[in-house]
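Protein chains in written order, with our numbering: chain A, 1 to 267; chain B, 1001 to 1366; chain C, 2001 to 2525.
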């Protein structure tokens, strides 16, 4: 199997604080891979290092064998990596469809001159882009909400819009950052199905930061656990649930011994 | 763990452009300095001394105004565009005090023409300061209350435009009220501009003016007092807390609105004092007098790292010196001295936006 | 009750200070003159020994008094009942305080003037005639009494009126009123039809264009000049609109590019100082290109900065260019403080095309071109990228948008438009100098964009009309124009930060059924 994303000793420091500490990860193509850990463990920083928002201080990150380090965020998107954000960051005053169209920016090619002159190529490109945006809108289930301002959409719809926007750049790897935050169990189940659909229908690799253990254990094939910036465990859901270091990280030292029952969550 | 070498730094086109600009400028500077000092020296040490002294005096005034900018920026993350005009208000306040005292006759046998101003110069100066500082502080308070407070949550652009509007309004209101003519500060006789102690340097007499010395001394005292205030009093701690994080400070029980008001009052007072000193030392007062010094003071604040009070002081002194020594030092026309100041502003913001000393404020995180 | 009183006293105090200020800047006299033009009663017979000018002034003061009373009688939000009593007492108190302050001023000023003190040495508008007017021709004591009685009465009346008319925050209500006006207009069947159908829209545009083309032929040279100036500011506003409204970069030095366009046109076509006398039509595109180039050069180092820093740096650039163009050192190149004279004019098929009317047409054409270009850009990939950058720059980078390139593009295109405006301006005025290119021009253009409505074309046109056209209409207020401008900026930010005509959103998802677009207002986050 091909390796989609690989990090080797990826490290990021802020002054005296090491946010990401020598993290090694290997993520297979088309996998659903979760990164979990207590708050402040460095998961979002890890994302930022991969997507070009931070420059790692040491280590390497390879996307299909090619290095990501030193790339700017727009270059990372061109390579085929997209992400969503912990606090939803849509373009609030643009409509849903416009948000998705912006997401397509990387795959469109009209220059400013062509935009002014409106060559036939540009007209066609815009038409196709609009069509594709509508399709994505339907794919995430927001069929008639295209012209709504993003900030007027309900919370769940905003999350899905963010994913639609991320998909607009035709990524091969999608980084989701707490996609079910703030959702009720019903919506969470929907999201779980949705993520599986994403992987199955679009053949993309999915990297997931999540706090909801039901989601993590339910859909991940492989899980890595970060704590204080370092990877402390990696394995299948079953393995992670039983791992004492993981339990300690979440619940404090000494918890591992008394929590054999609690660790057995419904899958 | 395999030994990986650190990743290569991004060499963006941006950094290349910066590099080119840097090299070109450095080259120009070196060439000019060479021309002025080695190829064609035309100024003696006495002239340099005069420039340096003038620069120091100017710099201490800039420093005071710069601190005002930095205080407000630290607390509200906005540039108080109208700050220079608060200085103008203070200058006018002092002017009117002098004018009033000038017309109170206190004749003595020895001098039947004596006025209160000249009979009690120390009192007069103190009165001028009190009035100028108070009016300016009040103006700062009302400025914040009317033009900035209602816009607290708005995007950055909005309070900035409001500040620009306030600046324009204040300048033109002053023009309508007082007329456009430039007015002369009526200093008491003992403080006549241009008079002072002579120091022989390099063959001629370099004068340390009384007004200049007064300016430097008062500025220094105020700056020390302010530093003590910010570092060692409860108000100062509250101010620092609010600049770090407004919401948390509120949660800690700090009256954020009150702290902000008081910051504006203090900032206004500083500008007012600077205005009075500007009037006493440089003599000219008119509605537009605060505009360019305001921008220069902002440059100084940025130079020292915005949010950083000692930095603003050092930035002010530095800017004053450079502005004074610059045209002579580079052998260019004195008309262009403002270009030097603006040029420094642009260069600092391009090359080192955190300032020479380093910025105290935190950046946005993703 | 006590809180009510305190509020009323505050109100009276505030209005008192305002009225005193208005007197000190000489506005009471100007208002009287304005009213006499309005009511055409300049030569009417005196009434109660008050000549018409005094009457007009009293009317003006009376209006302020009414307002003071109305404001002072406002109930606080927490009170549920609103008895007439409190409103009236509030109005009365406010009026009383107002009147007290104003009458003290009248007394003071009048007495000093009688003693021979020349107040206008310090307060240049407080001339003896103005004082006499203010005292309605009476002695200081009598005049002061008139004021206190009159203003107390009007305050009381104001309280009465406001209680009768209705309550609510003025800001909210006026904002709602404006919105409902906009709604009503857009709900009109005509507007619906125009918006809905493309053909009707073209017809309407065609008719408007025709009107606009015919207008200069009827208007006199003064109005043509004014229309031309408004047109140039529309041009500049549209250019800055791309920079500020679409890309979100606050440029306070826009005048620099205007200057480049103007000076290029000037230096290439005028006999002095370079003895080149190139054709207008050659100098024009060169000016535009040079301005764009300068935009790239200026922009490259500067566009990474934070918003307010960018503002100050661009302001610095603008000033640097002005000072340099004024300096003696560069006079051989730029013409120095006295500027450049005898700038070339356009020719059409060999004949001079430089009359006032001709220039208005030229400027119209330029405006149309720019509107066309802006529209195309706005609705393209580039325009969306700019808007995304304005919304959330960090995330827009993750969309694949190279923010630096896009910002440079916006900056350069904006600069090009300014260059066009500058070139036309210089040619029309036949002369240009450093004082044509000062900071106020930049600020005026910023105001046009922001007051008019950020990011949309009709807003910019409205802004230019308001800021440049209106003062020409109200020429008597010339002296107060700039001060009012400053106050207007503040008021606009407090009241409608999104501009007078907020941007409408295009519907892209729904099949075109002729449904009206509703204007969406950008609210503060």
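Note that CB positions come from ideal geometry on N, CA and C, so glycine has one too.
For residue 2074/C, no Cβ of chain A is located within less than 7 Å of the residue's own Cβ. Excluding sequence positions up to five before and after residue 2354/C, its CB lies within less than 7 Å of the CB of 2345, 2346, all in the same chain and listed in chain order. Judged by their CB atoms, residue 93/A and residue 165/A are not nearer to each other than the 7 Å cut-off. Exclusion of the five residues before and after residue 1129/B leaves 1276 as the residues of its chain whose Cβ lies within less than 6 Å of its Cβ. Under the criterion of beta carbons closer than 8 Å, residue 2376/C and residue 116/A qualify as touching, at roughly 5 Å. 110, 111, 112, 114, 115, 116, 117, 118, 122, 125, 126: these are the residues of the region 110 to 128 of chain A whose beta carbon lies less than 9 Å from some beta carbon of chain C, given in chain order.
With contacts defined as CB atoms closer than 7 Å, residue 1123/B and residue 1082/B fail to qualify as a contacting pair. With distances taken between CA atoms, residue 2007/C lies nearest to 2093/C out of 2093/C, 2423/C, 2420/C. Under the DSSP assignment, residue 227/A falls in the beta strand (DSSP E) whose first and last residues are 222 to 227. In the three-state DSSP reduction, residue 2352/C falls in the strand class (E or B).
Residue contact with chain B for residue 2307/C: present (Cβ-Cβ distance below 7 Å to some residue of chain B).
Within the same chain, 2106, 2110, 2143 come within 7 Å of residue 2135/C by CB-CB distance, once the 5 residues on both sides are set aside. Rounded to whole angstroms, the gap between the alpha carbons of residue 2086/C and residue 2010/C is 15 Å. Counting only unbroken stretches of 3 or more residues, the beta strand (DSSP E) elements lying wholly within the region 190 to 223 of chain A are 205 to 209, in sequence order.
In this structure, DSSP gives residue 1147/B a helical state, which the three-state scheme calls helix.
Between residue 1055/B and residue 1324/B a beta carbon distance of about 3 Å is seen, short of the 8 Å cut, so the two are scored as contacting.
Of all residues in the region 83 to 102 of chain A, only 83, 85, 89, 90, 91, 92, 93, 94, 95, 96, 97, 98, 99, 101, 102 place a beta-carbon less than 9 Å from a beta-carbon of chain C. Fewer than three Cβ pairs drawn from the region 2350 to 2370 of chain C and the region 81 to 90 of chain A lie within less than 8 Å of each other, which leaves the two stretches out of contact. Residue-level contact by beta carbon holds for residue 1162/B and chain C, with a gap shorter than 7 Å.
For the region 1288 to 1339 of chain B, not one full-length beta strand (DSSP E) segment reaches 3 residues or more. Around the beta carbon of residue 1278/B, 16 or more other beta carbons lie within 10 angstroms, which makes this residue buried.
In the DSSP assignment, residue 2084/C falls within the alpha helix (DSSP H) that extends over 2084 to 2114. Along the region 1322 to 1341 of chain B, the positions whose C-beta sits under 9 Å from a C-beta of chain C are 1332, 1333, 1335, 1336, 1338, 1339, 1341, read in chain order.
The three-state secondary structure of residue 185/A, taken from DSSP, is helix. DSSP places residue 36/A within a strand segment (E or B) once states are collapsed to three. DSSP places residue 1196/B in the uninterrupted beta strand (DSSP E) bounded by 1196 to 1201. The three-state secondary structure of residue 2334/C, taken from DSSP, is helix.
Close to residue 2327/C, with beta-carbon spacing below 7 Å, are these residues of chain B in chain order: 1333, 1335, 1336. Against chain C, the CB of residue 56/A has no partner CB under 7 Å away; the residue lies outside that interface.
Within the region 2400 to 2433 of chain C, 2400, 2401, 2402, 2403, 2409, 2413 place their CB atoms closer than 8 Å to a CB of chain A, listed in sequence order. Under a criterion of Cβ atoms nearer than 7 Å, no residue of chain A is adjacent to residue 2366/C; the nearest Cβ is some 15 Å distant. The Cβ atoms of residue 1176/B and residue 2018/C do not sit closer than 7 Å to each other. Look at the beta carbons and you see the region 1065 to 1083 of chain B touching the region 1262 to 1273 of chain B: at least three pairs across the two are nearer than 8 Å. According to the DSSP assignment, residue 1079/B belongs to no alpha helix (DSSP H), since it is labelled neither H nor E. Taken in chain order, the unbroken stretches of alpha helix (DSSP H) that lie wholly in the region 2285 to 2339 of chain C and span 4 residues or more are 2307 to 2326, 2331 to 2334.
For residue 2391/C, there is no enclosing beta strand (DSSP E); the enclosing alpha helix (DSSP H) covers residues 2381 to 2391.
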